[in-house]
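Some notes on the structure that comes next.
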Amino acid sequence: MPVRLVVLGPPGAGKGTQAERFARDRGVPRISTGDILREAVQAGTPLGRAAKAVMDTGRLVGDDVMNGIVRERLTKPDVTPGFVLDGFPRTVAQAQALDEMIDERSLVIVQIEVPEDVLVERLSSRRICGSCGWIAAPGVTACARCGGALIQRPDDRPDVVRERLRVFTRDTQPLIEYYRHRSTFRSVDGDQSESAVAADIAAAVAAVLGGTR
Ligand code: AMP
5 MPVRLVVLGP PGAGKGTQAE RFARDRGVPR ISTGDILREA VQAGTPLGRA AKAVMDTGRL
65 VGDDVMNGIV RERLTKPDVT PGFVLDGFPR TVAQAQALDE MIDERSLVIV QIEVPEDVLV
125 ERLSSRRICG SCGWIAAPGV TACARCGGAL IQRPDDRPDV VRERLRVFTR DTQPLIEYYR
185 HRSTFRSVDG DQSESAVAAD IAAAVAAVLG GTR
C-alpha cells in the first residue's frame, strides 16, 4: 500500500528534518513546497520572482499557485510508492484541493507539536546549506550532503519568524480542525530528540495503516 504522509506543524517544528528522514527510510519522495519555491527563487523564474517577495515577509504564497505546483508534482511517476508532503497544505483551501487530488482515506496526517518558545529558539539558530537546502544539525559548520556553506534562511530572521508564527496560527492552525476528526490523523510530541520524534511518527503511520486507533 502506498504511504502518503502529510506532515503538519508550525515553522521550526522539525517538519523538514522528519519528512526527509521518513522519505529516505521508506524510499519515497519528500515534496517540500518551500524547497520548490526556493529552487524557483534561485533559478530566477517568474514564479521565483513573485514568490520571493512574499516569502521574505513570512506570508503565504497564493493557494492557486501552490495547488497548481502540488497537482503537477503529484503527476510524476516517482510518487507511485507514496510521498511525504512537507509544508503543504498550509490553508484549509489547500487541504480541500489536496482531497480532490488524492483519495482522502489514503492520506495519513501527522501533526508535530512544539511549544512556541522552543520554535523561536530553533528558528533563530537554524542554518541550512546555501547550495542544496540541507538542514544542518546544531553545531554543524558545513553541509554534510554537498559540502556547501551554511547560511541563515532570509525568513529565519527574528522579525520574519514572528510573522511566520502569526500566519501559522491564523491560516494553518485551522487545518488541525479540518483534519482532527479523521481516523487517519495523529499528533506527536516534537519537543524530543530527532530520533524519538521519528520513532513516534513511524508508530503513528503504522497505527493508521494497520487500522488501529
Ligand atoms: P517552508 O520551507 O515550508 O517553511 O516555506 C517557506 C515559505 O514558502 C513560507 O513561509 C511561505 O512563504 C512559502 N510556502 C511554502 N509552502 C507554502 C504553501 N503550502 N502555501 C503558501 N506558501 C508556502
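Numbered by the working numbering, the letters in the sequence shown go through residues 5 to 217 in order.
The C-beta atom is built at its ideal place from N, Cα and C for all residues, glycine as well.
Distance cut-off 7 Å: residue i Cβ against heavy atoms of the ligand AMP
i      : result
MET70  : yes
LEU64  : yes
LEU41  : yes
MET59  : yes
PRO15  : yes
PHE87  : no
ARG126 : no
PHE92  : yes
THR37  : yes
ARG174 : no
ARG149 : no
ARG168 : yes
N-terminal and C-terminal residue of the beta strand (DSSP E) that residue i is part of
i      : result
SER191 : 189-193
ILE35  : 34-36
Cα-Cα separation between residue i and residue j, rounded to whole angstroms
i      : j      : result
VAL124 : PRO178 : 21 Å
GLY151 : ASP195 : 29 Å
VAL118 : VAL192 : 9 Å
ALA200 : GLN22  : 10 Å
LEU41  : LEU51  : 8 Å
GLU181 : THR37  : 22 Å
VAL144 : ALA97  : 38 Å
ILE35  : VAL88  : 6 Å
CYS136 : ALA203 : 26 Å
ALA208 : ARG94  : 21 Å
VAL65  : PRO14  : 16 Å
PRO85  : ALA146 : 32 Å
VAL10  : ASP90  : 7 Å
ASP206 : PRO33  : Reading off the sequence shown, one finds Ala at residue 206, where the question assumed Asp. Spanning the two alpha carbons is a distance of roughly 16 Å.
ALA148 : MET105 : 35 Å
ALA99  : ILE155 : 31 Å
ARG170 : LYS80  : 34 Å
GLY16  : PRO162 : 13 Å
SER110 : GLY72  : 21 Å
THR49  : MET59  : 15 Å
For residue i: DSSP bridge partner residues
i      : result
GLY137 : Answer is none; GLY137 lacks a bridge partner.
GLU117 : ASP193
ILE132 : ILE139 and ILE155
VAL112 : LEU9
ALA146 : ALA153
Limits of the unbroken alpha helix (DSSP H) element including residue i
i      : result
ARG170 : 162-171
ARG8   : ARG8 -> not in any alpha helix (DSSP H); beta strand (DSSP E) instead, spanning 7-12.
VAL209 : 198-213
VAL58  : 50-61
ASP90  : Not the alpha helix (DSSP H): ASP90 falls in the beta strand (DSSP E), residues 86-90.
ILE180 : 177-183
THR95  : Unbroken run through THR95: none, as it is neither H nor E.
ALA27  : 19-30
ASP68  : 67-77
The ligand PLP heavy atom lying under 7 Å from the CB of residue i
i      : result
GLN115 : In the structure on display, the ligand PLP does not appear, and the ligands it does have are the ligand AMP.
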